[in-house]
Amino acid sequence: MALLLGLAVLAVGALWGGELPRPGWKGTEQAGWIAGIVSALLGLFSLVVTLRPGSSPIQARNRATVGRLIQVGSVPRLAAWFQDRRIADDLVASARAGRTTATTQVLSGMGGVGKTQLAARFARHLADTDQLDLLVWITAASRDAIVTAYAQTAERLGVAGAKVPPEEAAGALLGWLERTPQKHLIVLDNLDAPVHAAGLWPPANSNGRTLVTTRRRDAVLATEGRTLITVGLFTPVEAVSYVNRAIADPARLTGADGLAADLGFLPLALAQATAYIRDRADTDGLDCAGYRRRLADRKLALAELLPHQDALPDDQRATVTAAWSLSVEAADRAEPQGLARPMLALASLLDSNGIPVAVFTSRPALAYLTRATDDDQQSNAHAATGALHNLHRLNLATVTRDQIRVHALIQRATREHLSPDELRAAALTAADALLDCWSSAHHPEPEQLMRDNALALRHVTGNLLIAPRTHPVLFAIGRSFGRTGLLLPAITFLGELLDDQRRHLRPDRPDILVTRSDLTHWQGEAGDPAGAVAGFQDLLDEHLRLLGPDHPHTLGIRGYLADWQGQSGNPAGAAAAFQDLLDSMLRILGPGDPQTLATRNNLALWRGMAGDAAGAAAAFRALLNEQLRVLGPDDPRTLKTRNNLASWCGLAGDAGGAVTAFQELLDNQLRRVGRDHPDTLRVRSNLAHWQGEAGDAAGAVTAFEELLSDRLRVLGPDHPQTLTTRNNLAHWRGKAGDAAGAVATFEALLSDRLRVLGPDHPDTLTTRNNLASWRGYAGDARGAAAAFRALLSDRSRVLGPNHPDIRATHNNLVYWQYRSDRSTAG
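Its first residue numbered 5, the sequence shown is counted upward by one per residue in this note's numbering.
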């Protein structure tokens, strides 16, 4: 119309003047010409803009609202104490980057990590800084919800009329979004079923962005130009900052950092816990420390420590205990159906920091899954890993190739929804599964991993694994502590276990005797061999009374008692006791029984320790022949006997033969179990020692240096075998001619022995003995004599006057006192 009007003006001007006016600005006679040109140009421009590809009704219909935001849907309010996080800043930075970033970003994380809050903050930032013409916020709980919101948006924009079917209107909106120059943001909040968005994902357009929040992390969420962003927990600093601002009262903030850690740095849990504290600050005087005490009380359910449903903060609609229920249901419905929930029940009883995947594919776990689904078909490892994958997809767990991690609050919420019968079944299954896997955990890291999981199981199950029968996994915990050198933790754990058993079991239960036996053994290893002798004598009396002289457990206690007799300084008595025990073993169990063979091994050892090295070597050689016949050449017990035979051959005077035997044994160990296996490390230590005894002190130093490096890496600095290796290295440095180096090494070792074992441990006293000797060899005879004098006093107090070490210390004192006197006189 504007174009036609312009042409009409030009025509009237021509008729009026008889000819077209000449261009120029002289006088008003040119007005018709000028008006016609301007009007025609405006009309032509309007037509071009209207017909230009990519133009849209929003420009024509809403020309009066250019620069004003059109919003569809309600953006959630920001939390009262919204915590700034790096991921929020990263979203804003990506918006500034524009065309250089992906236009669709998917925020994925477990329920309660704050995905919706991050999306709301991002949307409000773009809107408040005039970076948007269109903002659409959709709660994407279903496909219908998405389609309905799209249809409403299409109607609002004039893309589709009110009577157009919703699916058709949604399609029209998607077409418009693909072409529009308008700056827009589409938010799909809580898209917890990716199939709901199939065919409805907003198209790529450099003028628009799509932001999705979901508890899922399916691969489809990271395809077709979409970027999957993992939203994790608060950092410790962020969590404490939030608690400080949410509570505000300094008098109630003591323990804020501990509270943040107890709640696993989960934003939703922190919001609800701090609201609970604020609500009860005046009536209960509750503070962070008090809340932590309530949280640690297993008698209180997690739901009792959260605000009431109608008092949740920040417009929240669900408590933290209910935040994961939909995810659990979705995981359980996925194939293989019905396995995710019982799998999560098992995981809820173990270590949240890492559970071996092998636990969930073990035979006990598979049998448990089969019972849980009432399915006649036995669950297999493939089904189990499928259930783990479903937990991973729904962000209920994080599953890697080797481990699974579950947030501690998800674990607690899961446990609290189990009935007593369900809890007992899951606890016994978890214990059986741990034992089933433990035998394969030879490396110290898996050993610790298994122990940490067993400790977690013990902590959350109370007495379920004690009564009516103590589960063997509890004994495995104490033995694991002990054999990895953590003697004091072993003693503490077993002492607490014994107290619990005495409260819940009859005093004559065999379970109690097993715990007493283990506790006595590790107390002896911790430096009290005389106490171990007395303890095992009491245990032997109990076993004879309760089980009789021929019971296998009674025979085992006799073996422990004999061994500790030897370690307490009576090797001849130990040899005699093992001879008596061997006679009983042969009568009761027969010559080929493993316990009989073990008794022959111990008899040979203590015969040698009593001074008969040649007799020990002959006994080990005969035992080796029997074990080769009964057990085979690669059985660990056979290999142990080869180790002992090589040592006693050396002690009997054949150092070169010992070197050859240990080299052959080392080759076998490397082939079977590798360089880092504890048995391999032990053989390398013996080989290094006999290299030195055979005359190659420098070679022994080099071998012990290499061994120390490996033991530090594999076992850690405080493991008993690492400390023993440092002792041997110091000795052979001195033998190789570096007496001063030996002194320095022994001094450093003594400092660590005192820290790890204490002043009265036999190994600490031995290190003091060695340090005193090498001080003398380094030229300080007076210092050596003084050190031996102090050592003699302490050994007499700890070991008693008749221990062989007392005589050896006295002889060393006499020798170095003589050398000191001569040095002074000379």
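Even glycine gets a Cβ: it sits at the ideal position worked out from N, Cα and C.
Just so we're clear, the structure is a prediction, and the values are computed from it rather than from any experiment.
Neighbourhood of residue i by C-beta distance below 6 Å, restricted to the same chain and skipping five residues each side
| i | result |
| --- | --- |
| LEU643 | none |
| ASP261 | VAL244 |
| ASP512 | LEU550 |
| VAL705 | TRP736, ARG737, ALA740 |
| ALA534 | SER572 |
| GLY22 | Because the pLDDT at GLY22 is just 39, under 50, the model does not fix this residue reliably, and the value given afterwards should be weighed accordingly. Closer than 6 Å at Cβ, skipping near neighbours: no residue. |
| ALA871 | Absent from the structure is residue 871, since the part of the chain shown begins at 5 and ends at 830. |
| ALA835 | Residue 835 cannot be examined here, being either before or after the span of the chain that is shown, 5 to 830. |
Nearest-angstrom beta carbon gap, residue j and residue i [assumed within contact, 8 Å]
| i | j | result |
| --- | --- | --- |
| THR231 | ASP193 | About 17 Å separates the two Cβ atoms, so there is no contact after all. |
| LEU523 | LEU498 | 4 Å |
| LEU2 | PHE750 | Because the chain is modelled from 5 through 830, residue 2 falls outside the range shown and cannot be assessed. |
| ARG801 | ILE810 | In fact, because the Cβ distance is near 10 Å, the residues do not count as touching under 8 Å. |
| ASP504 | ILE470 | 6 Å |
Same chain, Cβ closer than 7 Å to residue i, five either side skipped, listed in chain order
| i | result |
| --- | --- |
| GLN186 | ILE62, ASP137, LEU138, ASN211 |
| ALA656 | ALA617, ALA618, ALA621 |
| ARG717 | none |
| ALA264 | PRO240, ALA243, VAL244, VAL247, LEU274 |
| LEU398 | ARG219, ARG220, SER331, ALA334, ALA335 |
| THR287 | none |
| LEU237 | VAL117, GLY268, PHE269, LEU270 |
For residue j and residue i, the rounded distance between their alpha carbons
| i | j | result |
| --- | --- | --- |
| LEU593 | LEU559 | 10 Å |
| ASN815 | HIS525 | 31 Å |
| LEU627 | ARG604 | 7 Å |
| THR474 | ALA458 | 13 Å |
| GLU546 | GLY539 | 11 Å |
| GLN407 | ALA434 | 15 Å |
| ARG759 | GLU333 | 52 Å |
| HIS723 | ALA782 | 29 Å |
| ARG826 | ARG793 | 18 Å |
| GLN599 | HIS807 | 29 Å |
| ALA743 | THR645 | 35 Å |
| ALA97 | SER78 | 24 Å |
| GLN821 | ARG786 | 7 Å |
| LEU490 | ASP456 | 13 Å |
| LEU461 | ASN467 | 11 Å |
| SER521 | GLU630 | 30 Å |
| ARG213 | LEU272 | 27 Å |
| ASP658 | ALA701 | 16 Å |
| TYR564 | LEU632 | 25 Å |
| GLY654 | SER484 | 32 Å |
| ARG337 | ASN647 | 56 Å |
Proximity to residue i [Cα-Cα], best of the options
| i | options | result |
| --- | --- | --- |
| VAL163 | HIS312, ARG183, GLY745 | ARG183 |
| ASP616 | ARG641, PRO595, ALA576, GLY358 | ALA576 |
| ALA734 | ALA123, ALA752, ASP266, LEU195 | ALA752 |
| GLY804 | SER824, SER146, LEU304, PRO766 | PRO766 |
| ALA391 | ASP567, GLU420, GLY342, ARG405 | GLY342 |
| SER112 | LEU225, GLN87, THR374 | LEU225 |
| ILE91 | ILE74, TYR819, ASP638, LYS119 | LYS119 |
| THR365 | GLY229, PRO346, ILE359, THR389 | THR389 |
| ALA740 | LEU761, ASP714, ALA748, GLY703 | GLY703 |
| ALA578 | GLN320, ASP584, GLY570 | GLY570 |
| ALA277 | ALA327, SER146, TYR295, GLY289 | TYR295 |
| TRP442 | VAL110, ASP266, VAL477, LEU585 | VAL477 |
| LEU270 | LEU468, THR325, ILE251, ARG256 | THR325 |
| GLU420 | LEU370, PRO340, ALA307, ALA371 | ALA307 |
| ARG321 | GLY115, ALA746, ALA788 | GLY115 |
| PHE126 | THR402, ALA790, ASP93 | ASP93 |
| ILE516 | THR496, PRO493, ALA530, LEU543 | LEU543 |
| THR828 | THR813, ALA812, ALA789, ALA707 | ALA789 |
| ARG883 | PRO346, ARG367, ALA362 | An answer regarding residue 883 cannot be provided, because it is not within the stretch 5 to 830 covered by the chain. |
| ARG779 | PRO424, SER824, SER797 | SER824 |
| LEU712 | ALA208, HIS411, ILE281, ASP680 | ASP680 |
Neighbour flag for residue i against chain C, beta carbons, 8 Å
| i | result |
| --- | --- |
| LEU509 | In the structure shown, chain C cannot be found, because there is only a single protein chain. |
Other residues of its chain near residue i: CB distance less than 8 Å, five sequence neighbours each side excluded
| i | result |
| --- | --- |
| LEU257 | VAL247, ASN248, ILE251, ASP291, CYS292 |
| THR234 | SER112, GLY113, ARG221 |
| PHE86 | GLN121, ARG125 |
Taking one C-beta from the segment 726 to 739 and one from the segment 684 to 695 each time, how about it: are there three or more such pairs within less than 8 Å?
Counting Cβ pairs under 8 Å, three or more are found: they touch.
The segment 146 to 163 in contact with the segment 194 to 207 per 3-pair CB rule at 8 Å
yes
Evaluate contact between the segment 343 to 350 and the segment 306 to 319, counting only Cβ atoms and requiring at least three cross-stretch pairs below 8 Å.
No, the segment 343 to 350 does not touch the segment 306 to 319.
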